[in-house]
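First residue of the sequence shown? That's 3 in my numbering, and the numbers climb one at a time after it. Positions of the beta carbon are idealized from the N, C-alpha and C atoms, including for glycine.
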Amino acid sequence: MKIALVIYKFLPSKGGGEGYLACLANQLAERGHEVHVFAHDWENSNRLIRFHTIPAIRFPKFLKEVSFVINSRRALQAEDFDIIQVVGRALGMNVFNPHCGVERAWLKQDFQSIRNPFYRFLKRISKLFSLRQNFILWLDKKQYTDEKVSKIIAISDMIKSDMIHYHQVDPQKIAVIYNGVDTKRFNPNRRDDYRKAVRKKLSIGEEFVLLYVSNNFRLKGLATLIRSLGVLTQTQTNFKALVIGRGKKSAYGKLAKRLNCLENVLFLGQVNEIEKYYAASDLYVHPTLYDSCSLVVTEALASGLPVITTKFDGASGLIEDGKDGFVLQDPLDHKTLAGKITLFFDEERRQRASVAARNKAEQYPEEENCEKIIEVFKEVVNDAAGARRSPALS
């Protein structure tokens, strides 16, 4: 098949949706498909993939969004493709695979993540009058209701529900395909390779270590995690929390200091080789207010870490409550989170959950994810061929 993949930034090193698409593109190319990537910024990581640079106005952000939509569609029309899959904000596709979820669902939870009512009100007002935000909402609706889109891939059951709720998408048009994970890179056996070295580097001994990874501290619930640590210190002392990712740590450091748990928190910033930090940890905690299907959750499971996340994370559909982790109903309930974390101080429970976590992740290898995507592509191509052969109705 001749396949076009469209995303604003194709940067495999960034992870997230960009890392996912890079993995998919590589696997499609290695299977003999002709793969074209249309992006504004890209890293050429595979000679089998053909790249097309899409010009976009970088500032203001409103024009960046509009110009990329217009220019990418124009570029796509210059060639014939069997499949055009859009991952981000673009049009002209016959397969839509929105890794960021549904905009209106995200926006609702983003407002909820602002605890101060006055600041939340200001945020709502700014979004209401934002040209960029209004364009994104229009585009989001257009993408889900475009009759030329044959199939929409939801990366979790939660996102499928959001598609139906907010845009009345026909359930038959939606294929649910959870993210795959590199089960070789993320593997419990890595503990033997990295655990002691990473802990020594961080001056950690035999303490219980929980891990948090995010580039959006507010939306992904870092404040809730730190509040839960404040509760934990009342009964536990021998633990550390590793906080990895981009974000303004000053406010969270002040919160931890006020709650007398600052010495239990290590802010590590951006790191390379994240698998080493999974290997050094005992539990992964992700109290997010919105995630379409968190890749770090699947990576943690594959690494043999029990996971605590929330019902607003699409990856919660992978968690069996009490077996390989827990799913919080309220992402702001730090006391319940503290109680769930405490349960994993029990080494026997932790070991059982670790085995269950790895077994769960093995059901979602990235190779199988690619095969499922290809099956959707074949269905779209076959349906289009059938429509062309069918006689026109008078």
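For THR338, report the span of its alpha helix (DSSP H) as first-last.
Looking up residue 338 in the sequence shown gives position 336. Here the alpha helix (DSSP H) through THR338 covers 336-345.
Could you give the residue range of the beta strand (DSSP E) that holds GLN87?
Locating residue 87 in the sequence shown gives position 85, counting from the first residue. 85-88 is the span of the beta strand (DSSP E), which, as asked, contains GLN87.
Classify ILE85: buried if its beta carbon has 16 or more other beta carbons within 10 angstroms, exposed otherwise.
In the sequence shown, counting from the first residue as 1, residue 85 sits at position 83. Burial call: buried.
Give the range of the beta strand (DSSP E) segment to which LYS380 is assigned.
To locate residue 380, count along the sequence shown from 1; it is residue 378. Element bounds for LYS380: not the beta strand (DSSP E) but the alpha helix (DSSP H), 368-391.
Assigned exposure category for HIS167 - 16 Cβ within 10 Å defines buried:
Looking up residue 167 in the sequence shown gives position 165. Exposed, since its Cβ has fewer than 16 Cβ neighbours within 10 Å.
8 angstroms contact criterion, which VAL215 and VAL329 should meet: CB distance rounded:
Within the sequence shown, the letter at position 213 stands for residue 215. Within the sequence shown, the letter at position 327 stands for residue 329. That belief does not hold up - the Cβ atoms of VAL215 and VAL329 are roughly 18 angstroms apart, past 8 angstroms.
Is the beta carbon of LYS342 less than 8 angstroms from the beta carbon of HIS288?
Residue mapping note: residue 342 aligns to position 340 of the sequence shown, counting from 1. Residue mapping note: residue 288 aligns to position 286 of the sequence shown, counting from 1. No, Cβ-Cβ distance for LYS342 and HIS288 is not below 8 angstroms.
Please look up how many angstroms separate the CB atoms of ILE176 and MET165, rounded, as I've assumed it's under 8 angstroms.
Your numbering for residue 176 matches position 174 in the sequence shown. Your numbering for residue 165 matches position 163 in the sequence shown. Between MET165 and ILE176 the Cβ distance is about 6 angstroms, and since that is below 8 angstroms, they are a contact.
Determine the direct distance from the alpha carbon of GLU350 to that of PHE219, and round the result to whole angstroms.
The residue you call residue 219 lines up with position 217 of the sequence shown. The residue you call residue 350 lines up with position 348 of the sequence shown. Looking at the two C-alpha atoms, the distance is approximately 31 angstroms.
Can you tell me whether GLY271 is helix, strand or coil according to DSSP?
Translated into the one-based positions of the sequence shown, residue 271 becomes position 269. Looking at GLY271 - three-state DSSP - the assignment turns out to be strand.
Step through the CB atoms of chain D and report whether any lies within less than 8 angstroms of the CB of ARG352.
Structure shown: chain D not included; a single protein chain is present.
I'd like to check one pair, LEU231 with ASN266: are the Cβ atoms closer than 8 angstroms?
Here residue 266 corresponds to residue number 264 of the sequence shown, with the count starting at 1. Here residue 231 corresponds to residue number 229 of the sequence shown, with the count starting at 1. Contact flag set, yes.
Starting from ASP315, follow its DSSP beta bridges and name the residues at the other end.
Along the sequence shown, read from residue 1 onward, the residue named residue 315 stands at position 313. DSSP lists ASP293 as partners of ASP315.
Tell me whether the beta-carbon of THR235 lies closer than 8 angstroms to the beta-carbon of ASN262.
As a working note, residue 235 is residue 233 in the sequence shown. As a working note, residue 262 is residue 260 in the sequence shown. The answer is yes: Cβ separation under 8 angstroms.
Start and end of the alpha helix (DSSP H) containing VAL171?
By one-based count along the sequence shown, residue 171 stands at place 169. From DSSP, VAL171 is part of no alpha helix (DSSP H); its letter is neither H nor E.
Could you give the residue range of the beta strand (DSSP E) that holds THR55?
Indexing the sequence shown from 1 puts residue 55 at position 53. Looking at the DSSP string, the run of the beta strand (DSSP E) that includes THR55 is 52-55.
Counting along the chain, where does the beta strand (DSSP E) carrying GLU36 start and finish?
The residue labelled residue 36 in the question sits at position 34 within the sequence shown. Unbroken beta strand (DSSP E) run through GLU36: 36-41.
Assign VAL89 to one of two classes, buried (16 or more other C-beta atoms within 10 Å of its C-beta) or exposed (fewer than that).
Numbered from its first residue, the sequence shown carries residue 89 at position 87. The residue is buried, with at least 16 neighbouring Cβ atoms inside 10 Å.
Between which two residues does the alpha helix (DSSP H) containing LYS250 stretch?
Position 248 of the sequence shown, counting from 1, holds the residue named residue 250. Unbroken run through LYS250: none, as it is neither H nor E.
Using only the alpha-carbon positions, how far apart do ILE157 and GLN87 sit?
In the sequence shown, counting from the first residue as 1, residue 157 sits at position 155. In the sequence shown, counting from the first residue as 1, residue 87 sits at position 85. When rounded, the distance between both Cα atoms is 14 angstroms.
Report the residue from PHE131, ILE276, ASN118, HIS336 whose alpha carbon sits nearest the alpha carbon of ILE228.
Numbered from 1 along the sequence shown, position 226 holds the residue referred to as residue 228. Of the candidates PHE131, ILE276, ASN118, HIS336, the one whose C-alpha sits nearest the C-alpha of ILE228 is HIS336.
GLY324 versus VAL309, PHE314, TRP140, residue with shortest Cα-Cα distance:
On the sequence shown, position 322 is the one that residue 324 refers to. Of the listed residues, the one whose Cα sits closest to GLY324 is VAL309.
Below 8 angstroms, can you find three or more Cβ-Cβ pairs linking the stretch 250-260 to the stretch 277-296?
no
Is ILE72 helix, strand or coil when you go by DSSP?
Translated into positions along the sequence shown, residue 72 becomes position 70. Helix.
Does the stretch 112-129 come into contact with the stretch 70-86, if we say contact requires no fewer than three beta-carbon pairs (one atom in each stretch) closer than 8 angstroms?
no
Helix or strand or just coil, what does DSSP make of ASP447?
The shown model of the chain, from 3 to 396, leaves out residue 447, and the question about it has no answer.
Check the DSSP bridge columns for TYR286 and list the partner residues they point to.
In the sequence shown, the residue the question calls residue 286 occupies position 284. DSSP, once it has assigned bridges, lists LEU213, VAL309 as partnering TYR286.
Can you list, in chain order, the residues of its chain with a C-beta nearer than 7 angstroms to that of LEU204? Leave out the 5 residues immediately preceding and following it.
Within the sequence shown, the letter at position 202 stands for residue 204. Within the same chain, LEU204 has close Cβ partners LEU268.
Leaving aside the five residues before and after LEU212 along the sequence, list all residues of the same chain whose C-beta is less than 6 angstroms from its C-beta, in chain order.
Numbered from its first residue, the sequence shown carries residue 212 at position 210. Closer than 6 angstroms at Cβ, skipping near neighbours: ALA243, LEU285, VAL287.
Just checking my contact of VAL245 with ALA340 at CB under 8 angstroms: how many whole Å lie between their CB atoms?
Residue numbering aside, residue 245 sits at position 243 when the sequence shown is read from its first letter. Residue numbering aside, residue 340 sits at position 338 when the sequence shown is read from its first letter. In fact, because the Cβ distance is near 16 angstroms, the residues do not count as touching under 8 angstroms.
Would TYR146 pass as a contact of ARG91 if the rule is Cβ separation under 8 angstroms?
Within the sequence shown, residue 146 is the residue found at index 144, counting from 1. Within the sequence shown, residue 91 is the residue found at index 89, counting from 1. Result no, Cβ atoms of TYR146 and ARG91 do not sit closer than 8 angstroms.
With VAL400 and LYS153 assumed to form a contact (beta carbons below 8 angstroms), what rounded beta-carbon distance in angstroms separates them?
There is no way to answer for residue 400, as the model of the chain reaches only from 3 to 396.
Does GLY388 pass the burial test, meaning 16 or more other C-beta atoms within 10 Å, or should it be called exposed?
Against the sequence shown, residue 388 aligns to sequence position 386. Classification of GLY388: exposed, given that the 10 Å Cβ count is below 16.
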